[in-house]
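K.L.:
In terms of the UniProt record's numbering, the sequence shown has 46 at position 46, counting the first letter as 1, and numbering is strictly consecutive.
Quick reminder that beta carbons are idealized off the backbone N, C-alpha and C, glycines included.
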Amino acid sequence: MNQKDLKRYKKMLEDSKTSLLESAKKTLVEESSFDTDDLPDEIDQAASEYTQSMVFRLRDREKFLLQKIEKALARVEDGTFGICERCEEDISPKRLEARPVTTLCIRCKEEQEKKEKSYG
Numbered sequence: 001m002n003q004k005d006l007k008r009y010k011k012m013l014e015d016s017k018t019s020l021l022e023s024a025k026k027t028l029v030e031e032s033s034f035d036t037d038d039l040p041d042e043i044d045q046a047a048s049e050y051t052q053s054m055v056f057r058l059r060d061r062e063k064f065l066l067q068k069i070e071k072a073l074a075r076v077e078d079g080t081f082g083i084c085e086r087c088e089e090d091i092s093p094k095r096l097e098a099r100p101v102t103t104l105c106i107r108c109k110e111e112q113e114k115k116e117k118s119y120g
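1) State the DSSP-derived secondary structure class of isoleucine 83, mapped to helix, strand or coil.
2) What would DSSP say about aspartate 90, mapped onto helix, strand or coil?
3) Kindly indicate which three-state DSSP category aspartate 41 falls into: helix, strand or coil?
4) With 16 other CB atoms within 10 Å as the buried threshold, where does threonine 51 fall?
5) Got a sec? Which residues, its chain only, sit under 7 angstroms from glutamate 85 by beta carbon, not counting five neighbours each side?
6) Buried or exposed: where does tyrosine 9 fall if 16 or more other Cβ atoms within 10 Å of its Cβ makes it buried?
7) Within this structure, are the beta carbons of leucine 13 and leucine 73 separated by less than 8 angstroms?
8) Mark proline 100 as exposed unless 16 or more other C-beta atoms lie within 10 angstroms of its C-beta, in which case mark it buried.
9) Leaving out five residues on either side along the sequence, give the residues of the same chain with a beta carbon under 7 angstroms from the beta carbon of threonine 27.
10) To the nearest angstrom, report how far apart lysine 109 and aspartate 90 are at their CA atoms.
This is the structure in structure tokens:
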């Protein structure tokens with residue numbers, strides 16, 4: 001992979017990381033606390049708690065994605081970005097464009113999904 005492409009992927013990853021962190025800060029400020037006295041009845045309170053629970057579940061997924069982004073950035077630095085973990089072939093640029101945090105080429109990912117499907 002040439003340096004120009006590597007820089008572009010690194011920027012994509014850093015932009016995603018920044019966006020996730022800003023979103024998490026927004027959640028802490030705006031959505032993490034609510035005053036039950038502001039809610040007129042139990043149904044409103046339950047709805048608000050459900051919404052808050054969904055927001056935290058989404059943030060949990062974002063936390064997992066953030067970890068993947070950190071690992072991808074580390075691979076950029078150590079020179080292994082864009083190389084499949086399993087077969088050590090280059091991952092196609094289209095796949096990296098769509099999913100820059102990926103660690104598997106499309107063929108290995110399909111094999112992994114087939115195995116997962118057969119187990120469960």
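P.N.:
So, from the listed chains and residues:
1) strand
2) strand
3) Coil at aspartate 41, not helix or strand.
4) exposed
5) Within the same chain, glutamate 85 has close Cβ partners Thr103 and Leu104.
6) buried
7) yes
8) Taking all protein chains in view, the Cβ of proline 100 is crowded by 16 or more other Cβ atoms within 10 Å, so the residue is classified as buried.
9) Closer than 7 angstroms at Cβ, skipping near neighbours: Val55 and Arg59.
10) 13 angstroms
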